[in-house]
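Just so you know, the protein sequences line up as chains Z and D, in that order. So for the first sequence, the working numbering puts the first residue at 331; every next one is plus one. So for the second sequence, the working numbering puts the first residue at 9; every next one is plus one. For glycine and all other residues, C-beta sits at the position ideal for the given N, C-alpha and C. For reference, the structure discussed in these notes is given below.
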Amino acid sequence: MDEPCLFCNIANKKAQARIVYEDDVCIAFLDPKPATPGHLILIPKKHVLIFPQLEKDEIIHIFATLKLLSNSLLKSLKLEGTSIFIANGIAAEQHATHLLIHIIPRQENDGINLTTNKVEFNDQEYTELTEKLKEKWYAMFVENSKEQ
Amino acid sequence: MVCNVCGEFKGAIKSFVVYEDQHTAVLLDQNGISGQVLIAPRIHLPILESIPDPLLMHLGNLTAKTAAVVYKTLNTDGTNIIINNGLIAGQKEPHFSISIIPRYDNDGIKLLWQQKTIPDNELDELHKKITQEIENTTKQDDNIEKKETTQQQTENQQPPTPNQQQSQPISNTPQQPEEKPKEDEEISEDNYQVKRLTRRP
Numbered sequence: 331m332d333e334p335c336l337f338c339n340i341a342n343k344k345a346q347a348r349i350v351y352e353d354d355v356c357i358a359f360l361d362p363k364p365a366t367p368g369h370l371i372l373i374p375k376k377h378v379l380i381f382p383q384l385e386k387d388e389i390i391h392i393f394a395t396l397k398l399l400s401n402s403l404l405k406s407l408k409l410e411g412t413s414i415f416i417a418n419g420i421a422a423e424q425h426a427t428h429l430l431i432h433i434i435p436r437q438e439n440d441g442i443n444l445t446t447n448k449v450e451f452n453d454q455e456y457t458e459l460t461e462k463l464k465e466k467w468y469a470m471f472v473e474n475s476k477e478q
Numbered sequence: 009m010v011c012n013v014c015g016e017f018k019g020a021i022k023s024f025v026v027y028e029d030q031h032t033a034v035l036l037d038q039n040g041i042s043g044q045v046l047i048a049p050r051i052h053l054p055i056l057e058s059i060p061d062p063l064l065m066h067l068g069n070l071t072a073k074t075a076a077v078v079y080k081t082l083n084t085d086g087t088n089i090i091i092n093n094g095l096i097a098g099q100k101e102p103h104f105s106i107s108i109i110p111r112y113d114n115d116g117i118k119l120l121w122q123q124k125t126i127p128d129n130e131l132d133e134l135h136k137k138i139t140q141e142i143e144n145t146t147k148q149d150d151n152i153e154k155k156e157t158t159q160q161q162t163e164n165q166q167p168p169t170p171n172q173q174q175s176q177p178i179s180n181t182p183q184q185p186e187e188k189p190k191e192d193e194e195i196s197e198d199n200y201q202v203k204r205l206t207r208r209p
């Protein structure tokens with residue numbers, strides 16, 4: 331048998347959580363160990379590990395839900411900001427085997443840092459990097475769409 | 009406040025464009041680490057709440073594609089997708105964007121937060137407050153949708169006979185004047201949010 335996934339259990343109501351929103355595709359609940367009060371976790375009900383594994387219509391649905399949840403946090407908790415955080419892979423500090431999308435209420439000087447520090451590069455390095463990314467983009471998405 | 013993202017789109021600042029279309033672009037983030045990119049709408053929209061739904065859906069799709077491209081091109085061990093919404097949340101420019109950060113094993117970057125313990129009764133209270141707000145917002149959205157459909161229907165319809173008018177549900181004419189001010193309220197509330205979230209810390 332497969333290992334039981336805590337988050338699948340929350341989606342199936344086999345595990346308890348303080349659910350704030352639910353529909354056919356996704357479910358959102360309060361993080362019991364929050365970064366700040368009101369910290370929400372949004373998960374797809376379907377078991378996927380990382381964000382790019384979601385289908386196109388699921389991604390669209392989840393983005394619309396993120397806007398709803400962020401907006402509701404801003405209003406109900408009178409915030410001046412929210413952060414949305416997704417980790418794809420252990421190297422990116424992912425600890426669960428189910429895709430989690432964190433929506434974190436932010437306050438001034440809350441001690442949370444979700445930004446990277448600027449690293450200086452010259453134009454040539456940037457240009458080379460851009461070309462590499464563009465080439466891969468073309469190979470992965472533009473050529474594929476032509477075939478279809 | 010000067011917006012550097014708009015500056016990049018207008019050509020005032022040198023930009024490195026990975027992908028672009030009519031409404032959006034994927035740019036190298038010149039304020040980040042190597043390979044970090046941002047996905048942004050071309051039009052100056054400050055926060056998530058100001059993005060119209062169709063544009064947001066397009067941005068969502070681009071996010072998944074961009075994360076996959078970064079992962080494959082740079083042979084990363086993972087990626088982070090981050091939206092800092094509001095200047096106090098660490099948003100570096102007053103222009104909405106989604107960041108994709110390439111990650112490697114033991115890269116020394118720490119983005120996680122300290123987990124706090126909150127008493128159950130406080131969690132329950134937060135739960136109630138947030139659920140209530142979400143319910144209110146979804147109801148409002150439903151009402152707007154319904155109103156739009158009713159309006160469209162009325163436009164398409166021939167003028168109703170007196171008989172039909174009587175059988176119309178209450179939702180049609182009498183409520184409209186009452187709902188009008190609510191809409192205005194909502195617009196000003198959104199503006200208020202933009203003001204709050206783009207306030208310099």
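Own chain, CB closer than 6 Å to residue i, minus 5 neighbours either side, in chain order
i                      : result
residue 431 of chain Z : 372 and 416
residue 23 of chain D  : 16 and 35
residue 337 of chain Z : 373 and 428
residue 361 of chain Z : 369 and 371
residue 201 of chain D : 57
residue 99 of chain D  : 92
residue 407 of chain Z : 368 and 435
Whole-angstrom distance between residue j and residue i, CA atom to CA atom
i                      : j                      : result
residue 437 of chain Z : residue 473 of chain Z : 45 Å
residue 402 of chain Z : residue 54 of chain D  : 17 Å
residue 454 of chain Z : residue 32 of chain D  : 24 Å
residue 126 of chain D : residue 405 of chain Z : 21 Å
residue 176 of chain D : residue 29 of chain D  : Unreliable placement is indicated for residue 176 of chain D, whose pLDDT of 42 sits below 50; the coordinate value is still reported in the next sentence. Distance between the alpha carbons of residue 176 of chain D and residue 29 of chain D is about 46 Å.
residue 145 of chain D : residue 208 of chain D : 28 Å
residue 119 of chain D : residue 445 of chain Z : 7 Å
residue 466 of chain Z : residue 141 of chain D : 43 Å
residue 148 of chain D : residue 155 of chain D : 10 Å
residue 464 of chain Z : residue 26 of chain D  : 5 Å
residue 457 of chain Z : residue 204 of chain D : 37 Å
residue 116 of chain D : residue 123 of chain D : 20 Å
residue 460 of chain Z : residue 84 of chain D  : 16 Å
residue 152 of chain D : residue 52 of chain D  : 25 Å
residue 128 of chain D : residue 395 of chain Z : 26 Å
residue 191 of chain D : residue 121 of chain D : Annotation note: pLDDT 44 at residue 191 of chain D (below 50); position unreliable, no value reported.
residue 397 of chain Z : residue 363 of chain Z : 23 Å
residue 451 of chain Z : residue 150 of chain D : 49 Å
residue 320 of chain Z : residue 420 of chain Z : For chain Z, the structure presents residues 331 to 478; residue 320 of chain Z sits outside this window and is missing.
residue 199 of chain D : residue 59 of chain D  : 13 Å
residue 343 of chain Z : residue 391 of chain Z : 21 Å
residue 469 of chain Z : residue 449 of chain Z : 28 Å
residue 10 of chain D  : residue 353 of chain Z : 40 Å
residue 132 of chain D : residue 409 of chain Z : 19 Å
residue 97 of chain D  : residue 80 of chain D  : 29 Å
residue 19 of chain D  : residue 462 of chain Z : 22 Å
Same chain, Cβ closer than 8 Å to residue i, five either side skipped, listed in chain order
i                      : result
residue 400 of chain Z : 412, 414 and 433
residue 21 of chain D  : 12 and 15
residue 169 of chain D : Residue placement at residue 169 of chain D cannot be trusted, given a pLDDT of 46 that sits under 50; what the coordinates show is reported in the next sentence. Closer than 8 Å at Cβ, skipping near neighbours: no residue.
Cβ shell of residue i (< 7 Å), same chain only, five flanking positions each side left out
i                      : result
residue 43 of chain D  : 78, 82 and 110
residue 56 of chain D  : 91, 93 and 104
residue 365 of chain Z : 434 and 442
residue 377 of chain Z : 335, 338 and 428
residue 348 of chain Z : 359 and 360
residue 350 of chain Z : 358, 359, 360 and 370
residue 50 of chain D  : 17, 31, 32 and 33
residue 66 of chain D  : 31 and 32
residue 440 of chain Z : 366
residue 88 of chain D  : 109, 111 and 119
Cβ separation of residue i and residue j, assumed to be a contact under 8 Å, to the nearest whole Å
i                      : j                      : result
residue 86 of chain D  : residue 418 of chain Z : 5 Å
residue 341 of chain Z : residue 357 of chain Z : 5 Å
residue 95 of chain D  : residue 206 of chain D : 6 Å
residue 393 of chain Z : residue 64 of chain D  : 5 Å
residue 389 of chain Z : residue 68 of chain D  : 5 Å
residue 496 of chain Z : residue 375 of chain Z : Nothing about residue 496 of chain Z can be read from this structure; chain Z reaches only from 331 to 478.
residue 367 of chain Z : residue 143 of chain D : In fact, because the Cβ distance is near 20 Å, the residues do not count as touching under 8 Å.
residue 37 of chain D  : residue 107 of chain D : 6 Å
Any non-hydrogen atom of the ligand SAH closer than 7 Å to residue i Cβ
i                      : result
residue 359 of chain Z : Absence of the ligand SAH from the depicted structure is noted, as is the absence of any ligand whatsoever, leaving it without description.
Between the region 134-149 of chain D and the region 69-76 of chain D, are three or more C-beta pairs nearer than 8 Å? no
Answer yes if the region 96-104 of chain D comes into contact with the region 419-428 of chain Z, meaning at least three C-beta pairs across the two stretches below 8 Å, and no otherwise. no
Contained alpha helix (DSSP H) runs [length at least 4] in the region 424-470 of chain Z, N- to C-terminal order: 453-467
I want to know whether the region 375-382 of chain Z touches the region 111-127 of chain D - three or more CB-CB distances under 8 Å. no
Continuous alpha helix (DSSP H) assignments of at least 4 residues falling wholly in the region 367-407 of chain Z: 386-407
What residue ranges within the region 68-114 of chain D form continuous beta strand (DSSP E) runs of no fewer than 3 residues, ordered along the chain? 86-93 and 106-111
Every unbroken beta strand (DSSP E) within the region 15-75 of chain D, with a cutoff of 3 residues, ordered by chain: 25-28, 32-36 and 45-49
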